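In the numbering used here, the protein residues as written are 661 to 996.
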């Protein structure tokens with residue numbers, strides 16, 4: 661775990677709550693992204709990118725598990741289907757200080773299907789239950805599951821209830837439901853996030869039929885107004901692409917959804933708080949675009965926004981003084 665430095669945006673670890681979370685997103689929710697999002701919201705639950713059991717057991721697990729103390733509350737999402745392997749990785753997660761371990765039963769890509777990872781596991785509820793039991797037996801932190809409402813060929817409500825009921829028997833009490841089925845043949849992962857229709861009604865029925873379970877809704881949520889509406893039915897909401905492309909949405913999450921009385925951070929303040937972290941990364945030999953690629957969404961919806969994005973996405977690669985360029989971009993956020 662990275663040492664806690666003066667650039668940490670938090671000093672104490674908030675209590676884990678799934679009332680609002682940011683989805684695990686491959687190539688996006690890396691440690692730099694999570695540090696930035698934590699500046700905007702102290703209470704949102706953040707997830708890592710999906711990490712396969714093979715990567716942890718056979719690769720450089722320290723590289724995959726390393727994170728900054730400021731990122732908490734933080735969950736590790738695992739991809740795998742061998743109970744013993746998942747148990748071993750869950751132990752690693754707990755030893756590295758993660759607040760939760762989540763099993764991916766929603767990713768529809770061909771690559772993970774071939775390794776029995778992701779949404780294809782919805783066709784094997786007993787195996788998922790075995791995986792959850794093995795992880796729960798191995799750790800004391802929560803073990804949760806993120807899944808679809810079905811897969812092609814197994815998309816009836818009865819089959820969804822069979823899946824959730826079977827995994828519940830293994831001791832899982834928190835399910836994050838992406839309210840679309842996954843089409844495992846013929847659609848790309850990107851198409852699987854858009855083409856199958858959203859069925860919030862199916863997820864709501866699931867909550868009604870399993871009232872004792874924590875059901876977190878995921879899929880197509882874009883505003884805090886929508887979050888408020890869904891929280892009348894569900895225990896939590898999870899935002900994915902909208903939280904990444906429009907991250908400033910998180911600036912009001914603590915006040916609107918967690919009752920915080922702290923002032924809402926401005927865009928300019930958020931970038932200023934990120935600056936020492938960027939400087940530290942540069943001093944360690946890193947490149948600024950590793951971090952600023954996640955910040956481009958701050959430049960949304962105001963005069964000068966396009967120039968802000970250009971500075972941090974195009975000009976950054978030819979800047980002799982990256983921090984001076986960052987300061988120039990920050991000036992465009994003044995008063996916003």
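All C-beta atoms, glycine included, are put in the ideal place defined by N, C-alpha and C. In this text the structure is predicted, and so the values were computed from the model without any measurement.
Q) Exposed or buried, what is residue 945 when buried is set at 16 or more other beta-carbons lying within 10 Å of its beta-carbon? A) For the purposes of this step, residue 945 is identified with residue 285 of the chain shown, where counting begins at 1. Residue 945 should be labelled exposed.
Q: Confirm, please, whether the CB-CB distance from residue 708 to residue 746 is below 7 angstroms.
A: By one-based count along the chain shown, residue 746 stands at place 86. By one-based count along the chain shown, residue 708 stands at place 48. No, Cβ-Cβ distance for residue 746 and residue 708 is not below 7 angstroms.
(Q) Please tell me whether residue 748 and residue 761 are closer than 7 angstroms, where the distance is taken between their beta carbons. (A) As a working note, residue 748 is residue 88 in the chain shown. As a working note, residue 761 is residue 101 in the chain shown. Cβ distance not < 7 angstroms, so residue 748 and residue 761 don't count as in contact.
Q: Go through its chain and collect everything with a Cβ distance to residue 898's Cβ below 6 angstroms, but skip five positions before and after it.
A: If you number the chain shown from 1, residue 898 lands on position 238. Answer for residue 898: 681, 683, 836, 876 and 878, listed in chain order.
Q. Using a C-beta cutoff of 7 angstroms, does residue 965 count as contacting chain D?
A. The displayed structure is made up of one protein chain only, and chain D is not part of it.
Q | Backbone CA spacing between residue 972 and residue 937 [nearest angstrom] | A | Locating residue 972 in the chain shown gives position 312, where the first residue counts as 1. Locating residue 937 in the chain shown gives position 277, where the first residue counts as 1. Answer to the nearest angstrom: the Cα atoms are 16 angstroms apart.
Q. Do you know whose CA, among 721, 987, 961 and 981, lies nearest residue 930's CA?
A. Position 270 of the chain shown, counted from the start, is the residue given in the question as residue 930. Nearest C-alpha to residue 930: 987.
Q) Does the pairing of the segment 721–732 with the segment 951–971 give three or more beta-carbon distances under 8 angstroms? A) no
Q: Using three-state DSSP, classify residue 722 as helix, strand or coil.
A: In the chain shown, residue 722 corresponds to position 62, counting from 1. It is helical.
Q.
When you compare the segment 834–848 with the segment 785–797, are there three or more beta-carbon pairs, one atom per stretch, that lie closer than 8 angstroms?
A. no
Q | residue 911 burial status per 10 Å Cβ neighbour count (16 or more: buried) | A | The sequence position of residue 911 within the chain shown is 251, counting from 1. Classification of residue 911: buried, given that the 10 Å Cβ count is 16 or more.
Q | Local conformation of residue 862 per DSSP, three classes | A | Position 202 of the chain shown, counting from 1, holds the residue named residue 862. Helix at residue 862.
Q) Do the CB positions of residue 1078 and residue 867 come within less than 7 angstroms of each other? A) Beyond the ends of the chain as shown, which are 661 and 996, falls residue 1078; an answer cannot be given.
Q | Those residues which DSSP pairs with residue 817 across a bridge | A | Your numbering for residue 817 matches position 157 in the chain shown. Answer is none; residue 817 lacks a bridge partner.
Q. Excluding sequence positions up to five away, which residues of its chain have a Cβ less than 7 angstroms from the Cβ of residue 917?
A. The count along the chain shown starts at 1 and reaches residue 917 at position 257. These residues qualify, in order along the chain: 679, 680 and 887.
Q | Closest Cα partner of residue 812 within the set 941, 786 and 766 | A | To locate residue 812, count along the chain shown from 1; it is residue 152. Comparing Cα-Cα distances from residue 812 to each of 941, 786 and 766, the minimum goes to 766.
Q.
Could you check whether residue 726 and residue 798 sit closer than 7 angstroms to each other, using their CB atoms as the reference points?
A. As a working mapping, residue 798 is identified with position 138 in the chain shown. As a working mapping, residue 726 is identified with position 66 in the chain shown. No.
Q.
Tell me the residue span of the beta strand (DSSP E) that contains residue 680.
A. One-based indexing of the chain shown puts residue 680 at position 20. Unbroken beta strand (DSSP E) run through residue 680: 680–682.
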